[in-house]
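Structure, as structure tokens:
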Amino acid sequence: MTITCLNHKKTSKFICYQCNSLMCSRCISIHNKEHPDHSDKWEHIDDIKDSLSTLKLDDIIDTTNTTTNNDISNDSTNSNNNSISQINNKLKSLWESLRSSASRYQRLSTTENEIKQHFEQLHQYLIREEHKLQRDIINDKHTITNQIDNNILNLKYIVNIIMIFNKLNINDNDNNNNKVNTDNKSMINSNNTDNICDDQSIISDKASLYSTTTIMESIRSNSSLQSFINHNNQTLFNEYLDLFNIEELLKQHSNDSTSLLLDIIHKYNNQFNKSTTITDNNNLTLSSYKLSIKQPDFNQLNSIIEQSIKLDNIESTESINTTTNNNDNKQSYIFITHQLKGSTHQTTIRLKS
Ligand SMILES: [Zn+2]
Ligand SMILES: [Zn+2]
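For the sequence shown, position 19 matches number 19 in the UniProt record's numbering, and the numbering has no gaps at all.
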């Protein structure tokens, strides 16, 4: 396909980049008279081809930076001056713009990061202050959690003793003697062969903060012990709870319920006398706290922050000026970056750090 000028029936061989129009030799002559200011904006296709055939991308160098390559690039630019087309120039200015944008972006990121690091110190300071105030409270909460765990375990044993007693009592009445019908032990989980010590260690493992939190909720929502036990009759106080391994004990005591009862109460005492210091409420001296809170003086805080960091946006020269005052060591960074459309872009970062 040949691009032909419709007015002059001649092949179009010129392009004016300004108007983005294709023209024949007649057109370009007319165009020159009508738009003398476009004289350096149009090119002949042969010149463009020459330029592209001699184009070396190695020569497209960002000459706005004062680099060691500067001399070389100038030389090559001069030597090829005849075949420099608008496309070459466009490539060069695009590359310079990309170089400039990328390094400007990097400087902005550096400044952004310096601001972040500065405030990170304040964040860490506030976190430390927060933890300092919370520390005693958290320790007390931990103590209470342990206390509740131990008291719940204690309660489980007593409730279990009562359940066993009720069961033995019923059997006593049914059988009209002092022996227990060992076949009738629906409340006892015969598969549960844990002894007292094993059971406690398992319970300690399960006493996660979550479960203790759940138990505390239940304690708060039930005013009576009976309703608390009923509320947890599927978990803490389920009917198959067998803390003493009753099946074995019944054998040992030859189904003598009185002897068995005395034995489990004795075992219970052994268990919880050893850990008196943990379970005894009176030994836990927990402090009370009165918290006074008033809104911080943010004006004061603001002035402290303003004294330590300042970011000035100098719009007229598109400069960034960051000043960080920590101590008297001063560092200055001045980056003169690039010239774009005649204006100088300069970034100045002054740091006291
Ligand atoms: Zn034009
Ligand atoms: Zn024409």
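Even glycine gets a Cβ: it sits at the ideal position worked out from N, Cα and C.
Notebook entry, point to check: Can you tell which of 62, 113 and 111 has the C-alpha that lies nearest to the C-alpha of residue 90?
Noted result: 62
Note to self: Using 8 Å for Cβ pairs, my map puts residue 141 next to residue 237. What's the rounded Cβ distance?
What the structure shows: With 8 Å as the limit, residue 141 and residue 237 do not qualify as a contact, their Cβ atoms being about 25 Å apart.
Check: Does ligand 2 have even one heavy atom less than 7 Å from the beta-carbon of residue 8?
Finding: yes
Note to self: How far does the beta strand (DSSP E) with residue 22 in it extend, from its first residue to its last?
What the structure shows: 21-23
Check: For residue 344, which of helix, strand or coil comes out of DSSP?
Finding: Bear in mind that the predicted position of residue 344 carries a pLDDT of just 40, short of 50, making it too unreliable to give a figure here.
Check: Nearest to residue 370 by alpha carbon, out of 16, 18, 22 and 17?
Finding: Here the chain has residues from 1 to 353 only, and residue 370 is not among them.
Margin query: Here's the rule I'm using: 16 or more other beta-carbon atoms within 10 Å means buried, otherwise exposed. How should residue 119 be labelled?
Written below: exposed
Margin query: Please classify residue 14 as buried or exposed, where buried requires at least 16 other C-beta atoms within 10 Å of its C-beta.
Written below: buried
Check: Using 8 Å as the threshold, is the segment 261-275 in touch with the segment 235-251, meaning 3 or more CB pairs across them?
Finding: yes
Note to self: Below 8 Å on the Cβ atoms is my contact criterion, and I expect residue 16 with residue 42 to pass it. Report the Cβ-Cβ distance as a whole number of Å.
What the structure shows: 4 Å
Next item on the list: With a threshold of 16 other CB atoms inside 10 Å of the CB of residue 19, please say whether the residue is buried or exposed.
Entry: exposed
Checklist line | Contact belief for residue 232 with residue 218 at Cβ below 8 Å, rounded distance in angstroms | finding: 6 Å
Item checked: Contact check, residue 215 vs residue 115, beta carbons under 8 Å -> no
Notebook entry, point to check: alpha helix (DSSP H) containing residue 313: first to last residue?
Noted result: Premise fails: residue 313 lies in the beta strand (DSSP E), 309-314, not in any alpha helix (DSSP H).
Note to self: Alpha carbons only, please: which of 48, 53, 123 and 59 is nearest the one belonging to residue 87?
What the structure shows: 48
Note to self: Would residue 39 and residue 84 be called neighbours here (beta carbons separated by less than 8 Å)?
What the structure shows: no
Margin query: Using only the alpha-carbon positions, how far apart do residue 298 and residue 102 sit?
Written below: 38 Å
Next item on the list: Work out the CA separation of residue 154 and residue 273 for me, nearest whole Å.
Entry: 11 Å
Next item on the list: With distances taken Cα to Cα, identify the nearest neighbour of residue 64 among 92, 33, 37 and 44.
Entry: 92
Margin query: Less than 7 Å separating the Cβ of residue 41 from some heavy atom of ligand 1?
Written below: yes
Notebook entry, point to check: For residue 84, does the three-state DSSP call read helix, strand or coil?
Noted result: coil
Check: Helix, strand or coil: which one does DSSP assign to residue 297?
Finding: coil
Notebook entry, point to check: For ligand 2, is there a heavy atom less than 7 Å away from the beta-carbon of residue 104?
Noted result: no
Next item on the list: Tell me whether the beta-carbon of residue 137 lies closer than 8 Å to the beta-carbon of residue 289.
Entry: yes
Note to self: Tell me which residues share the same chain as residue 222 and place their Cβ nearer than 6 Å to its Cβ, disregarding the 5 neighbours each side in the sequence.
What the structure shows: 228 and 231
Notebook entry, point to check: Rounded C-beta distance between residue 161 and residue 268? I'm assuming under 8 Å.
Noted result: 6 Å
Check: Do you know offhand how far residue 32's Cα is from residue 12's?
Finding: 15 Å
Notebook entry, point to check: Looking at the structure shown, is residue 320 part of a helix, part of a strand, or coil, going by DSSP?
Noted result: Residue placement at residue 320 cannot be trusted, given a pLDDT of 44 that sits under 50; the coordinates are not used to answer.
Check: Straight-line CA distance for residue 98 to residue 109?
Finding: 16 Å
Notebook entry, point to check: Does DSSP put residue 256 in a helix, a strand or coil?
Noted result: strand
Check: So is the beta-carbon of residue 16 under 7 Å away from any non-hydrogen atom of ligand 2?
Finding: no
Checklist line | Span of the alpha helix (DSSP H) around residue 231 | finding: 225-231
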